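Reviewing the structure listed below.
Residue numbers (our numbering), protein chains in the order written: chain A, 19 to 275; chain B, 12 to 299.
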């Protein structure tokens, strides 16, 4: 009696076709806009494509992309490595969690850009500072979600496990941690999004490098075709990372339908 | 449900020797929101012989679920003593527990759920798999080992929960309204299956239910609870083996049913938190 959700029953081919259709529509709108708004502001799709080829061929785009990916993925990996254990420990030991959760929430609510002058003063303008800016953005949602996931373990399942004679540590490993996985994945997705934003922020505020650096350069010099290439590249990174996390989620929650 | 003849008979008979359940002066109170204590079970004395099938019936909040958790060792009594056989209860596979809402682990397969109850024991993998497979065959789910709970119907989920409770070959089986969330037909079939399993393994059963019919069909003895205390202890002398259809034809069944139902009805009507509180007059008029 497998229950399937509405959109899972639509054929994946149909969804792909519809998505391509929307893409075509967007390109059309873009072309129309490029024709009707002054040329200097919106480049045509063709000009943008040409600009992309140029930037790729002269090596600027690959270099910037590489630098940004190092900052982004490095900072995100540090955030995961720090936030997962902390969130789990906070959830496992109630008193510790309740003690420090308020500071985590306070820090999460503070605009992280506010720390950039301090970060520059302590870590300088190099890769360390950039990694830390990304880390700081991504770490909070992962801590908060992991903590919430561990704390919100299903009390019915915990009671069932106790009734089966499971020890506290076995209940934690077999019931509490796996039950937190959907929360953790949601935290990773939010963290990945904020991490990408903070990558650009870091590249704009510290030593100007990477995609953020090119964004500022082309934006300030009104080279709009190049500027569009950078924006689309950033969007593509966002799509790829979110999609990878979504596939991970599908894989880890196969049991749910 | 088919019981595979390939299951070694030893498994059916290997139930550990029966153990009775004894409650002596057991009370249990809980602290509620405003710090006050409300008593859930009051001064309960109850002795259940080994291999007996006892139904526990009464209105919501009468303490029957608390009594069950005390018998499982999930809760400690405030006063009094509980013994299973001759020792206080300790949660574990030797006391099987089946809950109303199945409580299957959603990310584990059927086999993983059934095996969960034995994972604390030091069994090797092959032995564990063998026991799980045999238990699944016994509840008629042999072909479903790899499925996830979300892929099963309500009746199948409850059979997985039953298999999990039985795999430790428990001498005591505790059931907390196990069939309450099933549809009517599935419930009747599950009742028959449970009786068949019980007749073979013969654990001592304490079965909490809201349903007078269910209690009379299954049990040797029906205990009526109200306000945390045992109000009535009724023998059910209907012949066994019973099946849902023929048990109800007995005149004795009708007499017991009438008696129990009026008892429960009065308890519900006298409960100020019930939606039917104060309907005595109207109900009496209808009856008269």
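The beta carbon of each residue, even a glycine, is placed where N, CA and C say it ideally should be. All values reported here derive from a predicted model rather than from experimental measurement.
Cβ-Cβ distance between residue 159 (chain A) and residue 208 (chain A) below 7 Å: Start at 1 with the first residue of the first chain, and residue 159 (chain A) comes out as number 141. Start at 1 with the first residue of the first chain, and residue 208 (chain A) comes out as number 190. Yes, these two residues count as a Cβ contact at 7 Å.
Those residues which DSSP pairs with residue 39 (chain B) across a bridge: As a working note, residue 39 (chain B) is residue 28 in the second chain. Beta-bridge pairing links residue 39 (chain B) to B:52.
Near-chain B residues of the region 183-196 of chain A - C-beta to any C-beta below 8 Å: 183, 184, 185, 188, 192, 193 and 196
Neighbour flag for residue 168 (chain A) against chain B, beta carbons, 7 Å: Taking the first residue of the first chain as 1, we reach residue 168 (chain A) at position 150. Closer than 7 Å: no.
Simplified DSSP state of residue 91 (chain B), which is helix, strand or coil: If you number the second chain from 1, residue 91 (chain B) lands on position 80. Residue state, collapsed to three classes: strand.
Which of helix, strand or coil DSSP assigns to residue 169 (chain A): Along the first chain, read from residue 1 onward, the residue named residue 169 (chain A) stands at position 151. In this structure, residue 169 (chain A) counts as helix in the three-state DSSP scheme.
For residue 181 (chain A) and residue 85 (chain B), believed in contact at Cβ under 8 Å, the rounded distance: Along the second chain, one-based indexing puts residue 85 (chain B) at 74. Along the first chain, one-based indexing puts residue 181 (chain A) at 163. At roughly 6 Å, the Cβ-Cβ gap stays under 8 Å, so residue 85 (chain B) and residue 181 (chain A) are in contact.
Where residue 178 (chain B) sits in the DSSP three-state scheme: Numbered from 1 along the second chain, position 167 holds the residue referred to as residue 178 (chain B). Correct three-state label for residue 178 (chain B): coil.
Cβ of residue 118 (chain B) within 7 Å of any chain A Cβ: What you label residue 118 (chain B) is simply residue 107 of the second chain in a count that begins at 1. Cβ-Cβ to chain A under 7 Å: yes for residue 118 (chain B).
Backbone secondary structure at residue 24 (chain B) - three-state DSSP: If you number the second chain from 1, residue 24 (chain B) lands on position 13. In this prediction, residue 24 (chain B) scores a pLDDT of 43, lower than 50, which makes its location untrustworthy; the coordinate-derived value is nonetheless stated afterwards. Correct three-state label for residue 24 (chain B): helix.
Within 7 Å, strictly: CB atoms of residue 94 (chain A) and residue 156 (chain A): Here residue 94 (chain A) refers to the residue found at position 76 when the first chain is read from its first residue. Here residue 156 (chain A) refers to the residue found at position 138 when the first chain is read from its first residue. Contact flag set, yes.
Per-residue burial, residue 135 (chain A) [other beta carbons within 10 Å of its own, 16 or more giving buried]: Locating residue 135 (chain A) in the first chain gives position 117, counting from the first residue. So residue 135 (chain A) counts as exposed.
Residue 274 (chain A): contacting residues in chain B (beta-carbon distance under 9 Å): For this step, residue 274 (chain A) is matched to residue 256 along the first chain. The contacting residues are 117, 118, 159 and 161.
Residue 234 (chain B), DSSP secondary structure in three states: Numbered from 1 along the second chain, position 223 holds the residue referred to as residue 234 (chain B). DSSP places residue 234 (chain B) in strand when its eight states are reduced to three.
Enclosing alpha helix (DSSP H) for residue 153 (chain B) [first to last residue]: Here residue 153 (chain B) refers to the residue found at position 142 when the second chain is read from its first residue. Careful: residue 153 (chain B) lies outside any alpha helix (DSSP H) and carries neither H nor E.
Residue 20 (chain A) burial status per 10 Å Cβ neighbour count (16 or more: buried): One-based indexing of the first chain puts residue 20 (chain A) at position 2. Bear in mind that the predicted position of residue 20 (chain A) carries a pLDDT of just 44, short of 50, making it unreliable; the figure below should be weighed with that in mind. Answer is exposed; the Cβ neighbour count stays below 16.
Residues bridged to residue 10 (chain B) [DSSP beta-bridge criterion]: Past the boundaries of the shown model lies residue 10 (chain B); chain B is included only from 12 to 299, so the question cannot be answered.
Beta-carbon proximity of residue 113 (chain B) to residue 196 (chain B), cut-off 7 Å: By 1-based counting over the second chain, the position of residue 113 (chain B) is 102. By 1-based counting over the second chain, the position of residue 196 (chain B) is 185. No, the Cβ-Cβ distance between residue 113 (chain B) and residue 196 (chain B) is not below 7 Å.
DSSP three-state assignment for residue 262 (chain A), whether helix, strand or coil: Taking the first chain and counting its residues from 1, the one referred to as residue 262 (chain A) is at position 244. It is helical.
CA-to-CA distance, residue 237 (chain B) to residue 10 (chain B), given in whole angstroms: No answer is possible for residue 10 (chain B): it lies beyond the span of chain B, which begins at 12 and ends at 299.
Three-state secondary structure assigned by DSSP to residue 226 (chain A): Taking the first chain and counting its residues from 1, one reaches residue 226 (chain A) at position 208. In this structure, residue 226 (chain A) counts as coil in the three-state DSSP scheme.
Where residue 218 (chain B) sits in the DSSP three-state scheme: Mapped onto the second chain, residue 218 (chain B) falls at position 207. The answer is strand: DSSP assigns residue 218 (chain B) an E or B state.
Any C-beta of chain B under 7 Å from that of residue 175 (chain A): Here residue 175 (chain A) corresponds to residue number 157 of the first chain, with the count starting at 1. Answer yes: the Cβ-Cβ gap between residue 175 (chain A) and chain B drops below 7 Å somewhere.
Any chain B beta carbon closer than 7 Å to residue 261 (chain A): For the purposes of this step, residue 261 (chain A) is taken as the residue at position 243 of the first chain. No, residue 261 (chain A) does not count as interfacial toward chain B.
For residue 171 (chain B), three-class secondary structure by DSSP: Within the second chain, the letter at position 160 stands for residue 171 (chain B). Reduced to three states, the DSSP call for residue 171 (chain B) is helix.
Proximal chain A residues relative to residue 114 (chain B), where beta-carbon distance stays under 7 Å: Counted from its first residue, the second chain places residue 114 (chain B) at position 103. The contacting residues are 174, 175 and 178.
Partner residues on chain A for residue 83 (chain B), Cβ-Cβ distance less than 7 Å: The residue you call residue 83 (chain B) lines up with position 72 of the second chain. Per Cβ cutoff of 7 Å: 181.
Cβ distance (whole Å) where residue 228 (chain B) is taken to contact residue 253 (chain B) below 8 Å: Position 217 of the second chain, counted from the first residue, corresponds to residue 228 (chain B). Position 242 of the second chain, counted from the first residue, corresponds to residue 253 (chain B). The pair is a contact, with the Cβ atoms about 6 Å apart (cut-off 8 Å).
Distance cut-off 6 Å: residue 258 (chain A) Cβ against heavy atoms of the ligand PLP: Of the ligands one can find in the structure shown there are none, so the ligand PLP has no counterpart to examine.
Enclosing beta strand (DSSP E) for residue 187 (chain B) [first to last residue]: Stepping through the second chain from its first residue, residue 187 (chain B) is reached at position 176. Its beta strand (DSSP E) spans residues 183-187.
Residue 9 (chain A) in three-state terms, based on DSSP: No information on residue 9 (chain A) is available, as it lies outside the stretch 19 to 275 that chain A covers here.
Residue 65 (chain B) beta carbon less than 7 Å from that of residue 230 (chain B): Looking up residue 230 (chain B) in the second chain gives position 219. Looking up residue 65 (chain B) in the second chain gives position 54. Their beta carbons are under 7 Å apart, which means residue 230 (chain B) touches residue 65 (chain B) by this criterion.
The region 172-188 of chain A / the region 98-117 of chain B touching (three or more Cβ pairs under 8 Å): yes
Under the three-state DSSP convention, the category residue 55 (chain A) falls into: Walking along the first chain from the start, residue 55 (chain A) turns up at place 37. In the structure shown, residue 55 (chain A) sits in coil (DSSP, three-state: anything other than H, G, I, E or B).
7 Å Cβ cutoff, residue 318 (chain B) in contact with chain A: Since the first and last residues shown for chain B are 12 and 299, residue 318 (chain B) lies out of range.
Residue span of the alpha helix (DSSP H) that contains residue 72 (chain B), given as start and end: Translated into positions along the second chain, residue 72 (chain B) becomes position 61. Element bounds for residue 72 (chain B): n/a, residue is neither H nor E.
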